[in-house]
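> Quick one: structure below, then a few questions.
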Amino acid sequence: MGAAYLRYSFTMGTTQECDHVVEALGLVPGMRVLDVGCGPGRHSRELARRGIHCHGIDISEDFIEVARTDAPEGALFERRDARDLASATHLHGSFDAAICLCQGAFGMHVDDRQDHDVIAGIAACLRSQGRLALTAFNAFFVVKHHQEAIFDPATGVSVENTVVRNTAGEGKDVRLWTGCYTPRELRLLLAAEGLVVDRISSVEPGAYGDGEPSLDSPEYLVVARRV
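Just remember that the working numbering sits 43 ahead of the position in the sequence shown, which is counted from 1.
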């Protein structure tokens, strides 16, 4: 999809999302942030403009190419599978914080073990007391509101047919498989990888905040720290 991704409405709230993440994680200029599943780098680029050093990774070469184009100073991007971060020992213990937003790397796998691998890799890359901001799809919201998706209660996976368009407007039918979570599941998953959850909030793209978990927001924002 590449650059066409940035035309979707859910990508338009980058500045507000970064405003909230900076506050929630206590980010200041000079800190190092790992952006996991960075896509075209919209969050890393915005944070780098604020003096924060960002290292974005994504499995898509197309996204990495877009992210690198005219990237601001302090924003570095590389193609890397988030599931393999645990083996990237040169990155371990290197970051003051990590972000994994908009389901770029988490919740995109049918196999539960792969989400565990992503979280384990992120935890390994954080310094002691390093902080994480992670978004996940709200399982309760999908069951209550998302009539066009098929939700499997046994696995927590939502399946939806949609159309993805390139920069020329050409469409391709795709099937999206999305892992959905409850707050309790998120706490247990992160705890298993040595991360303590400080807060889980109900959010939606471009409207991050500190609202209590609810049935009516599409995403949860988890703020956690490595112990």
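We put the beta carbon where it would ideally sit given N, CA and C, even for glycine.
How many Å lie between ARG269 and THR57 at the Cα?
Approximately 25 angstroms between the Cα atoms of the pair.
> By Cβ distance, which residues of its chain are closer than 6 angstroms to ARG123, with the 5 residues on each side in sequence left out?
These residues qualify, in order along the chain: ILE100.
> By Cβ distance, which residues of its chain are closer than 7 angstroms to ASP195, with the 5 residues on each side in sequence left out?
Cβ within range, chain order: n/a, list empty.
> Taking the runs of the beta strand (DSSP E) that are 3 residues or longer, which of them lie wholly in the stretch 130-205?
Segments of the beta strand (DSSP E) lying fully in the stretch 130-205: 138-143, 169-181 and 193-195.
> If you draw a straight line from the alpha carbon of MET273 to that of LEU77, how long is it in whole angstroms?
Summary: the structure shown does not reach residue 273, with the chain confined to residues 44 through 270, and so no result is reported for it.
> With which residues is HIS96 paired in a DSSP beta bridge?
HIS96 pairs with ARG75.
> Can the beta-carbon of PRO261 be found closer than 8 angstroms to that of GLU247?
Contact flag set, yes.
> Alpha carbon to alpha carbon, how far is ALA166 from GLY237? Give it in angstroms, no decimals.
When rounded, the distance between both Cα atoms is 7 angstroms.
> Spell out the partners DSSP gives ASP216 in its beta bridges.
VAL206, per the DSSP bridge assignment.
> For my contact list, LEU233 and VAL265 are in at a C-beta cut-off of 8 angstroms; report their separation, rounded to the angstrom.
With 8 angstroms as the limit, LEU233 and VAL265 qualify as a contact, their Cβ atoms being about 7 angstroms apart.
> Inspect the beta-carbon positions of VAL200 and GLY222 and report whether they are closer than 8 angstroms.
Yes.
> Is the separation between the beta-carbon of GLY82 and that of CYS168 shorter than 8 angstroms?
Result no, Cβ atoms of GLY82 and CYS168 do not sit closer than 8 angstroms.
> Under the rule that 16 or more other beta-carbon atoms within 10 Å means buried, what is GLU60, buried or exposed?
It counts as buried.
> Can you check DSSP and say which residues form a bridge with ARG269?
Note: ARG269 sits in a beta bridge opposite LEU238.
> Going by CA-CA distance only, name the one from ARG126, ALA125, VAL109 and SER171 that's closest to PHE138.
Per the Cα distances, SER171.
> Out of curiosity, what's the CA-to-CA distance linking ALA47 and HIS135?
Confidence at ALA47 is low in this model, with a pLDDT of 48, below 50, so its placement is unreliable and no value can be given for it.
> How far does the alpha helix (DSSP H) with LEU68 in it extend, from its first residue to its last?
57-68 is the span of the alpha helix (DSSP H), which, as asked, contains LEU68.
> In angstroms, rounded to a whole number, what distance separates the CA positions of HIS189 and GLY117?
Computed Cα separation, rounded: 39 angstroms.
> Classify TYR251: buried if its beta carbon has 16 or more other beta carbons within 10 angstroms, exposed otherwise.
Buried.
> Just to confirm before moving on: does the CB-CB distance between LEU175 and ALA129 stay below 8 angstroms?
Cβ distance not < 8 angstroms, so LEU175 and ALA129 don't count as in contact.
> Please state the DSSP three-state secondary structure of GLU116.
It is coil, neither helix nor strand.
> Mind checking whether GLY173 and ALA125 have CB atoms under 8 angstroms apart?
Contact: no.
> Taking the straight line between their C-alpha atoms, what separation do you get for LEU219 and PHE183?
One C-alpha to the other measures close to 18 angstroms.
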